[in-house]
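See below for the structure under consideration.
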């Protein structure tokens, strides 16, 4: 009875030893929650700015709906194009596999036909072998040969059947992928149609408000209003990012403290498990010694029944000892697995921390231009033809040209803003922000981490512009600085 209880306790303990931590999933969920909170606060900030200036809306606001829709549709088209390429690659692979399987099936069918023709030509059959003569050895040899032929034919038939089933499965998958391509093509066509409609709508709006826009471009007050609007947005973003950074720092401290507490609990649990193992191992050893003594005593007394019972007890004790050793080995293996997983999690965390640290180093001079080959219009600090001064530069480029991040950082804003159209702002840390405005499409969302050279948007003419181009600013602690000083000549 004691030995049976030991087995149950041992198996229960071994099952507990295989439990695995879920720290990585918890960290990922926390990161998603922080990103969602950031986006929520950015939306609230944008709503607050819009409500404060509701009485001063200009004619360009009429473009917001169509230009935002164009940005969203272009982003969807980009995703659809990527998905289409993936499905097409999978379809090409399936077709290649289908051709290979078709060739193998034809070869197997030909081999089976050759075997059947050879058997028919030889005239061999089980009945012919039995009736061919009186020599038992000859009959036995012929029957054995027929047995080999039948086995080979059965294997060939099985291979042909498996080939047919596999070919049918490949054709079914191919049809599914072809249907998927048709659906993707239809979705792309719908999105392109919607894009054309939105572009036509935008042209109608531009024509309707062109006179008003020309008047507004000649008013210095409008430029000041746009600058105040962008300044208010950036000030709010800086406050929001600082608040979130402090919350992230506190959360990280709590996470590290919780991780240390769990690690200590795991260490104490491991010590307790080892102590229990040692105790059970000693009990098993004592049980084995007791059983051996009983067995020897039974042998001396020539009591067959007691000797057999003692022998069974010895075997049971040995089995328990073996299970204990297996459980101990499983515990050590699980500890190694946990250690390896912890090392992988830590390496991933260190990589993320390095990426975040790199994105918080600010800006260094000699950065690449956000658009390739863009002609610079206007100079920082110079007078603008329509009044005011340049606080950034306009890089004239064709519509749809990729806009690339000049350095690593985190997207702090990605939406439509009056006077600037589709605008994206990247926080590089140390008080540095880069601003990309008048975009056709925004390809990154608030909270996304970007590296230098990542495509974050495409050049457009949103926000009331007539010609496509990228409006680019760099701000240090909220103050505009000459962006050309930070870019490569």
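In our numbering, the protein residues as written are 1119 to 1607. Just so you know, even glycine gets a beta-carbon here, dropped at the ideal spot from N, CA and C. Small disclaimer: the values here were computed from a predicted structure and weren't measured.
Tell me which same chain residues have a C-beta within less than 8 Å of the C-beta of residue i, skipping the five on either side of it?
i, result
"residue 1585", "1514 and 1579"
"residue 1387", "none"
"residue 1572", "1522, 1523 and 1562"
"residue 1517", "1558, 1576, 1577, 1578, 1579 and 1586"
"residue 1173", "Since pLDDT at residue 1173 reaches only 39, below the 50 mark, its modelled position is unreliable, and the value read off the structure follows with that caveat. Excluding residues within five positions, none has a Cβ falling inside 8 Å."
"residue 1305", "1198"
To the nearest angstrom, how far is it from the Cα of residue i to the Cα of residue j?
i, j, result
"residue 1282", "residue 1202", "29 Å"
"residue 1289", "residue 1225", "19 Å"
"residue 1596", "residue 1346", "11 Å"
"residue 1299", "residue 1195", "14 Å"
"residue 1576", "residue 1284", "46 Å"
"residue 1557", "residue 1187", "12 Å"
"residue 1382", "residue 1399", "26 Å"
"residue 1511", "residue 1198", "33 Å"
"residue 1587", "residue 1605", "17 Å"
"residue 1245", "residue 1214", "Here the model assigns residue 1245 a pLDDT of 44, short of 50, so the residue's position is not dependable, and the following value carries that caveat. Approximately 46 Å, taken between the alpha carbons."
"residue 1519", "residue 1493", "13 Å"
"residue 1070", "residue 1223", "In the structure as shown, the chain begins at 1119 and stops at 1607. Residue 1070 is therefore absent and cannot be evaluated."
"residue 1368", "residue 1456", "27 Å"
"residue 1485", "residue 1465", "29 Å"
"residue 1122", "residue 1376", "Because residue 1122 sits at a pLDDT of 42, beneath the cut-off of 50, its placement in the model cannot be relied upon, and the point is left open."
"residue 1204", "residue 1301", "14 Å"
"residue 1599", "residue 1191", "34 Å"
"residue 1544", "residue 1552", "5 Å"
"residue 1366", "residue 1483", "29 Å"
"residue 1490", "residue 1370", "39 Å"
"residue 1389", "residue 1454", "15 Å"
Check the DSSP bridge columns for residue i and list the partner residues they point to.
i, result
"residue 1501", "1507"
"residue 1514", "1493"
"residue 1545", "1528 and 1551"
"residue 1215", "DSSP, once it has assigned bridges, lists no residue as partnering residue 1215."
Could you please give the first and the last residue of the uninterrupted beta strand (DSSP E) stretch that includes residue i?
i, result
"residue 1558", "1550-1560"
"residue 1520", "1520-1522"
"residue 1576", "1573-1577"
"residue 1598", "1597-1599"
"residue 1602", "Where residue 1602 is concerned, there is no enclosing beta strand (DSSP E), given that its DSSP letter is neither H nor E."
"residue 1594", "1588-1594"
Nearest by alpha-carbon distance to residue i: which of the options is it?
i, options, result
"residue 1355", "1602, 1550 and 1558", "1550"
"residue 1363", "1547, 1501, 1562 and 1291", "1547"
"residue 1497", "1491, 1506, 1489 and 1490", "1506"
"residue 1358", "1190, 1212 and 1158", "1158"
"residue 1208", "1235, 1190 and 1295", "1295"
"residue 1460", "1231, 1384, 1491 and 1601", "1384"
Excluding five sequence neighbours on each side, which residues of the same chain lie with their C-beta closer than 7 Å to the C-beta of residue i?
i, result
"residue 1542", "1529, 1531, 1532, 1554, 1557, 1560, 1562, 1574 and 1575"
"residue 1508", "1496, 1497, 1498, 1499, 1500 and 1502"
"residue 1353", "1596"
Below 6 Å CB to CB, which residues in the same chain sit around residue i once its five sequence neighbours on both sides are set aside?
i, result
"residue 1535", "1541"
"residue 1133", "For residue 1133, the predicted model reports a pLDDT of 40, less than 50, meaning its position is unreliable; a value from the coordinates is still stated below. No residues qualify anywhere along the chain."
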